[in-house]
Amino acid sequence: MKNSIRRASVGFGCLIILTALLESCNKPIEALPGPARTPPMGWNSWNAFQEDIDEEKMKRIADIMVSSGMRDAGYEYLVLDDGWMAPERNAAGELVADPVRFPSGMKAMGDYIHSKGLKYGIYECRGYLTCQKLPGSFEHEQTDMNSFAAWGVDYIKLDACYAEINGRLTTEDLAIYHEAIENTGREMILSISDFGNGAWAWGGKNYGQLWRTSGDIYPWIESVYHCGETSGGDGAIHPDFSGLWQFAAPGYWNDPDMLQVGNLENGVEDRAHFSLWCMLAAPLMAGNDLQQMSDTVRDIITNPEVIAINQDSRGHQGYKIYKQGDAEIYNKPLADGTAAVFFLNKGEKPLDLTLQFSEIGLKGKVKVRDLWKQEDVGTFKDSFTVGNLGQHEHILIRVGKSGSKPLPGPEPMSPEEYTVKADSYLSEIPYIVKRGDAPAINRSYNGAGIVLNGEEYAYGLGCKSRSVIIYKLDKTVDRLHALVGLDETSPVDETGRFRVLIEDAFGGRAIFGSGKMDKGDDAMELDIEVKGLDFLLLEFTGKGVFGNWADLRAEADQSDY
Ligand code: GAL
Numbered sequence: 194m195k196n197s198i199r200r201a202s203v204g205f206g207c208l209i210i211l212t213a214l215l216e217s218c219n220k221p222i223e224a225l226p227g228p229a230r231t232p233p234m235g236w237n238s239w240n241a242f243q244e245d246i247d248e249e250k251m252k253r254i255a256d257i258m259v260s261s262g263m264r265d266a267g268y269e270y271l272v273l274d275d276g277w278m279a280p281e282r283n284a285a286g287e288l289v290a291d292p293v294r295f296p297s298g299m300k301a302m303g304d305y306i307h308s309k310g311l312k313y314g315i316y317e318c319r320g321y322l323t324c325q326k327l328p329g330s331f332e333h334e335q336t337d338m339n340s341f342a343a344w345g346v347d348y349i350k351l352d353a354c355y356a357e358i359n360g361r362l363t364t365e366d367l368a369i370y371h372e373a374i375e376n377t378g379r380e381m382i383l384s385i386s387d388f389g390n391g392a393w394a395w396g397g398k399n400y401g402q403l404w405r406t407s408g409d410i411y412p413w414i415e416s417v418y419h420c421g422e423t424s425g426g427d428g429a430i431h432p433d434f435s436g437l438w439q440f441a442a443p444g445y446w447n448d449p450d451m452l453q454v455g456n457l458e459n460g461v462e463d464r465a466h467f468s469l470w471c472m473l474a475a476p477l478m479a480g481n482d483l484q485q486m487s488d489t490v491r492d493i494i495t496n497p498e499v500i501a502i503n504q505d506s507r508g509h510q511g512y513k514i515y516k517q518g519d520a521e522i523y524n525k526p527l528a529d530g531t532a533a534v535f536f537l538n539k540g541e542k543p544l545d546l547t548l549q550f551s552e553i554g555l556k557g558k559v560k561v562r563d564l565w566k567q568e569d570v571g572t573f574k575d576s577f578t579v580g581n582l583g584q585h586e587h588i589l590i591r592v593g594k595s596g597s598k599p600l601p602g603p604e605p606m607s608p609e610e611y612t613v614k615a616d617s618y619l620s621e622i623p624y625i626v627k628r629g630d631a632p633a634i635n636r637s638y639n640g641a642g643i644v645l646n647g648e649e650y651a652y653g654l655g656c657k658s659r660s661v662i663i664y665k666l667d668k669t670v671d672r673l674h675a676l677v678g679l680d681e682t683s684p685v686d687e688t689g690r691f692r693v694l695i696e697d698a699f700g701g702r703a704i705f706g707s708g709k710m711d712k713g714d715d716a717m718e719l720d721i722e723v724k725g726l727d728f729l730l731l732e733f734t735g736k737g738v739f740g741n742w743a744d745l746r747a748e749a750d751q752s753d754y
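Residue 194 is where the sequence shown starts when you use our numbering, and the numbers rise one by one after that.
Below, the structure is given as structure tokens:
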């Protein structure tokens, strides 16, 4: 059954028939105790105002969160993003509020937010500076967490600018914050904002409750789809996983970044964005200027039936069951035995789309409710078709009978399947993190065989810069071997550089570096010890140039290769 999901998700155009799901003993996703049992909901200042925030504006936002009905719809956190702090710490080394913008201080800000029945969120960065070059928390971790606790903070968005010069692996860095937060004795959610550095893969749930899966989202629909693909598709992981759904559960969530609803071209795009985020069990952090919110936008972000999909207690992230060109169908099995199904047309041509109920474990006559219209559409036998969906249009329905046995979801991939063992080619194992262009598997990026120094290699990865891939390693692996070099057919005459790093992009611990290579240079042999490492990052950089990791394999000290 697993293979049927995989094949279908790899090959666009295949309808995924999951009838075998009915027999599968679908394993429950592991839930964690603690806060964020459902995806956090709130409003964050960044998408609307960037660093142009002050206490009067934030108070107005708090007031509107209440008067607009947002708070009652579930938006509980008001998060102040970058720009709240003064450029210098005080004599005691503590963070202080910007004296002009926040003259009453950050404790007073929190008190106001709490007085409205909301929770208080704040931004910091684990680099020595924030992304806006204000004081970061590096080497002030406990002091800053103590300040936040004293101010009544409930939610910390922790950014990662300049973290690459901390000299710490991300896991080492986050362990410091995790402990510092615990030391305060106050429950504060930690939102890992690291542009999609693979927290789902290396154990982000040990440190925080949500982690970014993408770079920053922008107020246009292509950016929304791009970020959505990092969580719901193969934007950040090997296609065999069919998205990141298996790495989310009650207590920890994939975060394709904050909402741009209200900032897009029109209501059609705003609604598509909101439905997609709800299906992906994404944190719902509104990012529009609430002072100018139209009724249409308010109605979108407060629709109770759509929010209920996002906040469903089963916490199963939605996943794609169909993709053909610009047409997509997602399924999200829910706690009460029903499922949410989302039909989306990302492209220009109008589309008809059909869901066979058997694909989501249902059969016979099935009740269908339209969640935006908030009305029952009727009962349908075996399938449901939506007709003539225009560009960015979608239909979001809830199907099945509430109170029946929970419907099965797909089966997660087991860690053994995505862990590299000794005596294997890495290109044969699904990578767990990808940034930049996806590598070509056992091919050069030009689609032909991998050729280096005039010899062709059956196994390896063909990359187009910039390309970052992370693999999980098994304890049997002692050495990594490859031949690296630029592809002769590379379309540009730029230099390229290969590096292997321990664990992640911010740790900065390179264990191999090719230096700059030119097209026509002899390929370079890579043969390094990787004993005891859990994760390896392969990085290829340059400008549009093609690079090959030929014959890329993991070996034990006594390998037969
Ligand atoms: C970025 C982050 C944004 C915003 C900004 C503030 O790194 O991804 O969401 O927080 O920094 O400077």
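C-beta: ideal position from N, C-alpha, C; glycine also.
Taking a contact as a CB-CB distance under 8 Å, the pair Tyr-418 and Lys-539 counts as one, their CB atoms being some 6 Å apart. Each of His-307, Ile-358, Val-272, Glu-244 was checked against the Cα of Phe-699, and the nearest Cα belongs to Ile-358.
For Ala-342, the uninterrupted alpha helix (DSSP H) run begins and ends at 334-344, by DSSP. Within the region 336-417, the complete alpha helix (DSSP H) segments of 4 residues or longer fall at 363-377, 392-395, listed in chain order. Taking C-beta atoms as the reference points, Trp-413 and Leu-469 fail to come closer than 8 Å. The region 269-322 is shown to contain whole alpha helix (DSSP H) runs of 4 or more residues at 298-308, in chain order. The DSSP assignment places 689-695 as complete runs of the beta strand (DSSP E) inside the region 679-706, in order along the chain (cut-off: 3 residues). Counting along the chain, the unbroken alpha helix (DSSP H) around Thr-489 starts and ends at 488-494. Gln-453 sits buried, since 16 or more C-beta atoms from the chains shown fall within 10 Å of its C-beta. In this structure, the alpha-carbon of Asn-741 lies about 50 Å from that of Lys-312. In this structure, the alpha-carbon of Lys-657 lies about 11 Å from that of Arg-628. Bounds of any alpha helix (DSSP H) do not take in Arg-746; it lies within the beta strand (DSSP E) bounded by 739-748.
Here DSSP, grouped into helix, strand and coil, assigns Glu-223 to coil. In this structure, ligand 1 has a non-hydrogen atom nearer than 7 Å to the beta-carbon of Cys-354. Between Ser-435 and Thr-423, the CB-CB gap reaches or exceeds 8 Å.
In summary, Asp-720 is exposed, with fewer than 16 beta-carbon neighbours lying within 10 Å of its beta-carbon over all protein chains present. Rounded to the nearest whole angstrom, the C-alpha separation of Val-570 and Met-338 is 51 Å. Within the DSSP secondary-structure output, Ser-576 pairs in a beta bridge with Gln-549.
Looking at Tyr-618, Asn-496, Gln-567, the one whose alpha-carbon comes closest to that of Glu-748 is Tyr-618. Of the residues Gly-460, Val-346, Ala-442, Met-478, the one whose Cα lies closest to the Cα of Ile-410 is Met-478.
A Cβ-Cβ contact shorter than 8 Å links Asp-347 with Met-381. By the neighbour-count definition (other C-beta atoms within 10 Å, threshold 16), Asp-488 is an exposed residue. The DSSP-derived three-state label of Ala-255 is helix. Placement of the Cβ of Trp-470 at a distance of 7 Å or more from every heavy atom of ligand 1 is found. Boundaries of the alpha helix (DSSP H) harbouring Pro-497: 497-503, taken from the DSSP string.
At a threshold of 7 Å, Ser-260 does not count as near ligand 1, since its beta carbon sits no closer than that to any of the ligand's heavy atoms. DSSP lists Asp-720, Arg-746 as the bridge partner or partners of His-674. In this chain, the beta strand (DSSP E) harbouring Asp-563 covers 558-563. Taking 7 Å as the cut-off, one finds no heavy atom of ligand 1 near enough to the beta carbon of Trp-404.
Judged by the Cβ position, Gln-325 qualifies as a neighbour of ligand 1 at the 7 Å threshold, a heavy atom of the ligand being closer than this. Here DSSP, grouped into helix, strand and coil, assigns Gln-485 to helix.
Beyond the five residues adjoining it in sequence on each side, Gly-426 comes within less than 6 Å, by CB distance, of Gly-436 in the same chain, given in chain order. Under the 8 Å Cβ criterion, the region 588-605 does not count as touching the region 644-652, having fewer than three qualifying pairs.
Here Gly-508 really is in contact with Ala-442; their C-beta atoms are around 5 Å apart, less than 8 Å.
For Arg-361, the number of other beta carbons within 10 angstroms of its own is at least 16, and it is reported as buried. Here Tyr-652 is not near Ser-607, since their CB atoms are 8 Å or more apart.
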